[in-house]
Each structure stands twice: as C-alpha cells, then as structure tokens.
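The sequence shown begins at 78 in the working numbering and counts up one residue at a time. Positions of the beta carbon are idealized from the N, C-alpha and C atoms, including for glycine.
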Amino acid sequence: MQNKPKHLAVRVVIILTIVLVPLFISGCRHVPGNVKNEQISRLADTGQGAVIIKEKSDSSAVSDDMLPQIKNKILGRWLRTDGYYTLEFSHMSVDGTVDAGYFNPAAIHVERAAWKMEENRFFITVVLRDVNYPGSTYTLEYRQEDDSFAGNYYQAVEGINYDVVFIREK
C-alpha cells in the first residue's frame, strides 16, 4: 500500500512530461514576423563585406506601377537614432524581394529580410545571424510623415525588445 502514492507521483510526472515537453519545444521555434523558413534564398556578398539576402514575402497588394514610388521612399541608407547602426536597402521587387545590409559600424551578416504592404502600411523585417547577433530581429514600419522607420528591435543575446527609429542618412 505504501507504493501507491509513489506510483501516482511517477505517473503524474510522466503525464506532465508527455504534455509539456512538446509544448516547450514548439514554443522555442519562434520565427519573428511573418517570415517563413522556406522563403530564404541564397546569400550574396556586396563586395563591401556586407552580406545581402533576397527573400520573398506576400506583397501581392503592390502593383508594378506602385513599386517605383515605394523604391524611392525605401532604398538607401538608414541610421538608427541612438547609435551608429545602419540599415541599407539596395534592391526590392514587387514579389517582396529585398536586399538588405546591416552595419554596426562593421558589416553584420543579414540572414533574411522581407518587406510587405499591409492595409496601406509598409513593413520590413530584417533578421541578423552573426557573432553576438543570433537571430536578432528588426521589425519596422515606414512612417511617411517624417520619412523614418520605427518599430522593434529584438536583441537575441539579452532577450530584450527595444523601440527603435531609423532616419534617412543624407
């Protein structure tokens, strides 16, 4: 009779393990933003050491005739207002492809980047994968009223989110 509580406790631990471990594992596989792993294409080097990536996202709301207007607003170098962090967007196409470089001030490897239009708002996601940048992610919205990008920076090493703003580098 003394073994009954012990067996019950073992059964409870086993059941909890069966239920909680898969939940924990699935929660650890978070992909920031709306970026999907199968969207990743091959990396290319810019010649300046900055790694660029082309990636597709769902940007079907943008027509070919709208793209030049968007490019004029987005392409170029953007400086973060709280330091020497720079994002550079050098190419984008109607299918959501974007070439992005990131500098601090040296080049940091960009794992993937994507842009999309949603409810007449422009968003861009840039995921970094380098030393001290194990999946750090920018999720930004373009603000036409002051020609800036504003949003969130997830600093993966510390596991902390920061509000950030990028202004056009002149």
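Minimum C-alpha distance to valine 241 - residue among Asn229, Ile151, Arg154 and Met143 | Ranking Asn229, Ile151, Arg154 and Met143 by Cα distance to valine 241 puts Asn229 first.
How big is the Cα-Cα spacing for arginine 198 and glycine 173?
-> 14 angstroms
DSSP on proline 182, reduced to helix/strand/coil?
-> coil
Do alanine 190 and valine 171 have their C-beta atoms closer together than 7 angstroms?
-> no
With a 10 Å radius around its C-beta and 16 neighbouring C-beta atoms as the bar for buried, classify alanine 184 as buried or exposed.
-> buried
How many Å lie between alanine 127 and arginine 206 at the Cα?
-> With a pLDDT of only 41 at alanine 127, under 50, the local geometry of the prediction cannot be trusted, and the value read off the model is given with reservation. Each residue's alpha carbon lies about 12 angstroms from the other.
Proximity winner among Met194, Ile147, Ile244 and Gly212, relative to glycine 236 (alpha-carbon distances) | Gly212
Selection from Glu196, Tyr179 and Glu195 that minimises the alpha carbon distance to glutamate 188 = Tyr179
Any idea what DSSP makes of aspartate 223, helix, strand or coil?
-> helix
What three-state label does DSSP hand lysine 148 in the structure shown?
-> helix
Arginine 157 versus asparagine 238: straight-line alpha-carbon distance, rounded = 15 angstroms
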